[in-house]
């Protein structure tokens, strides 16, 4: 071990970020103590499967494990870190765990709405959430999803495949509003309609009433909908409480540099909870996608050991709904200009580039994963875009503006 490296590393979090960091630490030759602490009982699994294969029941949790246990890592599963000092982590049971370096991979939790509690109102974030929701959907045969983002739409598609009647309520003017422009949002609205799902937008939910076996949800404009089961899927809140105890700088998440270092030298953060610098476009962002968690974990581990971390990857993610696999990369937004460079949105097979002026900031598409990988590389280089070459230089179809 090189001089100056820590002897005791504590990782708070047993998800993909924590697991990957521990794996990289060992792969890089770290022989000291690694303790990984997480409140979930389950060994690390691929969280994107929660709203897809696991909710559908097409795969078991054992089939979506991230990997085998890591040699020499003391995993404290089902244990919660309740407090932290500048030298130790206090658990809800057992002695404090000392550290020389601490990685906060605490992730995020489902955002709640101010609605009455009910045995038939659920959120969907972890494996523990899946079985009760699945059972209730099968029992009632109907699901009302509050929230038309990725997880809400994926869960709606899964429930429909289970034979339930499904309705989606979205507060914005279109589903997938955070990542997609109007034309692509409309494509997904049509896709859900084609599969028998009702979708209503501009819905601000104000009340929920339990009327026997039925839950009735009412919006601010007086509209109402009912179902036997309700899923609240309105985003996530980063778990920054331990960071606040340490007095770390916090924005939309724990602020870190490109090496995942926080404002305290011995403390690092990565994954959903971290707010990282955007070295390509400027500013900061928080990645809530699987690939970002793995990339940041790798860099955090190398940074802890004093190794070169390189540049952060351009983030990317995916969503599967009704058999249609959407991929997106970069920093797509509803207000960007989108140019279709291959295929057709109407045919649900396309690649579209997201532009801000002459800067390529992202891509979104269905059916052309190679294009998304290629565009990620172009974004990483930060070159200005010659619009005349879009679709002619590195893709082979004329482009069309869709916004």
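Numbering (my numbering), first residue to last: -7 to 395. The beta-carbon is built from N, C-alpha and C at its ideal position, and this holds for glycine as well.
Rounded to whole angstroms, how far is the Cβ of residue i from the Cβ of residue j, which I believe are closer than 8 Å?
i	j	result
residue 138	residue 209	7 Å
residue 203	residue 252	With 8 Å as the limit, residue 203 and residue 252 do not qualify as a contact, their Cβ atoms being about 49 Å apart.
residue 396	residue 240	This structure leaves residue 396 out entirely; the chain is present only between -7 and 395.
residue 41	residue 56	4 Å
residue 224	residue 245	In fact, because the Cβ distance is near 21 Å, the residues do not count as touching under 8 Å.
residue 211	residue 195	5 Å
Which partner residues does residue i have in the DSSP bridge list?
i	result
residue 317	312
residue 276	269
residue 336	341
residue 25	0
residue 242	246
residue 358	318, 342
residue 57	37
Rounded to whole angstroms, what is the Cα-Cα separation between residue i and residue j?
i	j	result
residue 390	residue 243	For residue 390, the predicted structure reports a pLDDT of 41, less than 50, and the residue's modelled location is therefore unreliable. The matter cannot be settled from this model.
residue 339	residue 155	26 Å
residue 376	residue 214	48 Å
residue 30	residue 58	15 Å
residue 237	residue 88	15 Å
residue 35	residue 363	34 Å
residue 1	residue 277	26 Å
residue 357	residue 327	17 Å
residue 333	residue 281	25 Å
residue 275	residue 322	14 Å
residue 296	residue 150	40 Å
residue 371	residue 361	15 Å
residue 152	residue 159	10 Å
residue 46	residue -4	44 Å
residue 81	residue 94	9 Å
residue 207	residue 65	46 Å
May I ask which residues mark the beginning and end of the alpha helix (DSSP H) holding residue i?
i	result
residue 283	282 to 296
residue 70	No alpha helix (DSSP H) contains residue 70, which DSSP labels as neither H nor E.
residue 10	8 to 19
residue 48	45 to 48
residue 234	233 to 237
For residue i, report the span of its beta strand (DSSP E) as first-last.
i	result
residue 363	No beta strand (DSSP E) holds residue 363; the alpha helix (DSSP H) holding it covers 361 to 373.
residue 73	73 to 76
residue 261	259 to 261
residue 33	First-last for residue 33: undefined, no H or E at that position.
Using a beta-carbon distance below 7 Å, is residue i in contact with chain D?
i	result
residue 209	No chain D appears in the structure shown, which is made up of a single protein chain.
Closer than 6 Å: is that where the CB of residue i sits relative to any heavy atom of the ligand MN?
i	result
residue -1	Ligands are entirely absent from the displayed structure, and the ligand MN is therefore not among its contents.
What are the complete alpha helix (DSSP H) segments, minimum 4 residues, inside the segment 159 to 219?
174 to 186
Fully enclosed by the segment 86 to 164, which alpha helix (DSSP H) runs are 4 residues long or longer?
119 to 132, 142 to 153
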